[in-house]
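What follows is one structure encoded as structure tokens, with my remarks underneath.
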Amino acid sequence: MFKNHNRHDVRERQAGEQRMLDRHGLWRSIVRFSLPVIGCGIVQQSFNSIDLAVVGRMVSSSALAAVGANGPVISLIITLFMGLALGSNVVISRALGARNDEVVRRTVATQAMVAVVAGVFLLIVGIGLSAPLLASLDTPDDILPSATRYLRIYALGFPAMLVYNFMSAVLRSMGDTMRPFLWLVIGGVVNLALNLMLVYVFGMGVEGVAIATSVSNVVSAAGVTLKLMRTDGPTRFVPGQMRIYASEFWAMVRIGLPAGIQGTLFAFSNVIIQSALNRLGASAMAGSAAALTYELYGYFVISAFVQAALAFVSINYGAGQYDNCRRIMWRCMVLALGGSFVLNSLVVLNNYTAVAVLTSSSEAIHYGMLRISNVLLWQFVACSYEISGAAMRALGHSLTPMMITLLGTCVMRVWWVRLSGFILDFNMLMAIYPITWFFTGCIMMVAYFFVSHRAFSHPCVKLVK
385 MFKNHNRHDV RERQAGEQRM LDRHGLWRSI VRFSLPVIGC GIVQQSFNSI
435 DLAVVGRMVS SSALAAVGAN GPVISLIITL FMGLALGSNV VISRALGARN
485 DEVVRRTVAT QAMVAVVAGV FLLIVGIGLS APLLASLDTP DDILPSATRY
535 LRIYALGFPA MLVYNFMSAV LRSMGDTMRP FLWLVIGGVV NLALNLMLVY
585 VFGMGVEGVA IATSVSNVVS AAGVTLKLMR TDGPTRFVPG QMRIYASEFW
635 AMVRIGLPAG IQGTLFAFSN VIIQSALNRL GASAMAGSAA ALTYELYGYF
685 VISAFVQAAL AFVSINYGAG QYDNCRRIMW RCMVLALGGS FVLNSLVVLN
735 NYTAVAVLTS SSEAIHYGML RISNVLLWQF VACSYEISGA AMRALGHSLT
785 PMMITLLGTC VMRVWWVRLS GFILDFNMLM AIYPITWFFT GCIMMVAYFF
835 VSHRAFSHPC VKLVK
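All residue numbers for the sequence shown refer to the working numbering, where the first residue is 385 and numbers rise by one.
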């Protein structure tokens, strides 16, 4: 029975790789790849959205602010290592395209070890530095204790969160996006059930929602890990073979570290904005946290096509199909622009209801509606730099998008917060988002034109020596 199951997995993996290389069905293949990834993002964000809704409705507006204040901090802590997961995705996809099974096996073993070690490290950091991190962001004194308790408990799930993301990267590199989605759905159901039980029945407040999220992360991580342990072929995960292979590790680092640094600096700029936002009080924090929930949903549409661009461009570049690489970038761009604009427009048209679902405070609802109008409406502009930057990373150029994002987004946001500090205004604070998206997108598109021309004219697909 297991042999038949393994043969089915091999045929399924080969079919997935073939779909990613077939130029005649790229539109359909990209959509098929991306829809479960969008579902993953929605379910993953729902962990936090459920937390916000439960504490905002069943506890208090202050509890909602305490949970919401942790969003930028959590992103700052984990983003660097998420970049390494992106790097492993590129290395595995390119090796699959080049039919180099040995590199695939060694990369899977390496990234599994990195996930475990990094997860334990982040757990220690999250527990030990939660209070000083939140205090440094001017978190109000009445919110700081509950926000700290939430982050310390949430940190217990960091190892599982990294394991899930690294193992999902392996599945996505061979075109399998459905199984990561299904296990996130299962984790989401666990999260919802535990939220209601711990908060509504046992009255645990922010501690209850943090426990529920950590447990759901463990469930999702266990599911995708078991799937890779049972599969056959070079992508199979064998716990006893976990180790760090130097060449594969440095290949992951060359692609993933700049992406991780970019994400960390991006998160840091958002932390700076959150710090300024905290000075406007709990209502502004709560309303912003509610609106941010929908921004994250919209971003997951963009992120799905970013991951599609990474996987599809990587495997086609490894296989030497350079015309496909060009087609993929533009198809992903069109789909990301259209999808994010349509989804966000629905929220903008129903902005009051969208915010009221998460909080009953009229003042918080006011701030949430302002953020939706000033930020969410223009989020589709971010596609211009996200998709083109992903295509450059898939071609082996990860440093260029990092530097452009650093200058075009992070530096400008920090400068803007300093400027708005003299006249601290919520609308002025929110305006920096669309401004930096547009500025960074223009520069990134120009850079993609030059980088892709050079990559296709002088290809260098060998990441691992």
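Even glycine gets a Cβ: it sits at the ideal position worked out from N, Cα and C.
Here residue 537 has 591, 594, 595, 598 as same chain residues with Cβ atoms under 7 angstroms from its own Cβ, once five neighbours each way along the sequence are excluded. Here residue 750 carries a helix assignment [DSSP, helix/strand/coil]. Exclusion of the five residues before and after residue 792 leaves 820, 823, 824, 827 as the residues of its chain whose Cβ lies within less than 7 angstroms of its Cβ. Using a Cβ-Cβ distance cut-off of 8 angstroms, the stretch 618-638 and the stretch 699-715 are not in contact, since fewer than three pairs of beta carbons, one from each stretch, lie closer than that value.
Here residue 781 is buried. Its C-beta has 16 or more other C-beta atoms within 10 Å. Shown here, residue 681 sits in a helix according to DSSP, grouped into three states. Annotation for residue 423: 565 place their beta carbon closer than 7 angstroms to its own, counting only its chain and skipping 5 residues before and after.
Annotation: the continuous alpha helix (DSSP H) that includes residue 495 extends over 485-520. Straight across, the Cα-Cα distance linking residue 616 with residue 478 is about 19 angstroms. Shortest Cα-Cα distance from residue 720 to any of 480, 509, 683, 761 involves 683.
About 14 angstroms separates the beta carbon of residue 610 from that of residue 619, a gap too long to meet the 8 angstroms contact definition. With a contact defined as Cβ atoms closer than 8 angstroms, residue 532 and residue 514 qualify at about 5 angstroms. A residue is called buried once 16 or more other Cβ atoms fall within 10 Å of its Cβ, and residue 672 is buried on that count. Per DSSP, the continuous alpha helix (DSSP H) segment holding residue 819 begins and ends at 810-841. With a 10 Å radius around the Cβ and a threshold of 16 neighbouring Cβ atoms, residue 641 comes out buried. For residue 668 against residue 661, the beta-carbon gap comes to about 6 angstroms, under 8 angstroms, which counts as contact. Taking each of 499, 571, 557 in turn and checking the Cα distance to residue 543, the smallest one comes out for 499.
Under the three-state reduction of DSSP, residue 779 is assigned to coil, being neither helix nor strand. When DSSP states are grouped into helix, strand and coil, residue 629 belongs to the coil group. DSSP, reduced to helix, strand and coil, places residue 527 outside both helices and strands of the structure shown, so it counts as coil. DSSP places residue 589 in the coil class of the three-state scheme, outside both helix and strand.
Here DSSP, grouped into helix, strand and coil, assigns residue 705 to coil. According to the DSSP assignment, residue 737 belongs to the alpha helix (DSSP H) that extends over 735-740. Here residue 736 is exposed: its Cβ has fewer than 16 other Cβ atoms, across all protein chains shown, within 10 Å.
Put simply, the stretch 547-563 touches the stretch 483-503. At least three CB pairs are less than 8 angstroms apart.
Judged by beta-carbon spacing, residue 493 lies within the 9 angstroms limit of residue 622, meaning their Cβ atoms are closer than that value.
Straight-line measurement puts the Cα of residue 413 at about 13 angstroms from the Cα of residue 421.
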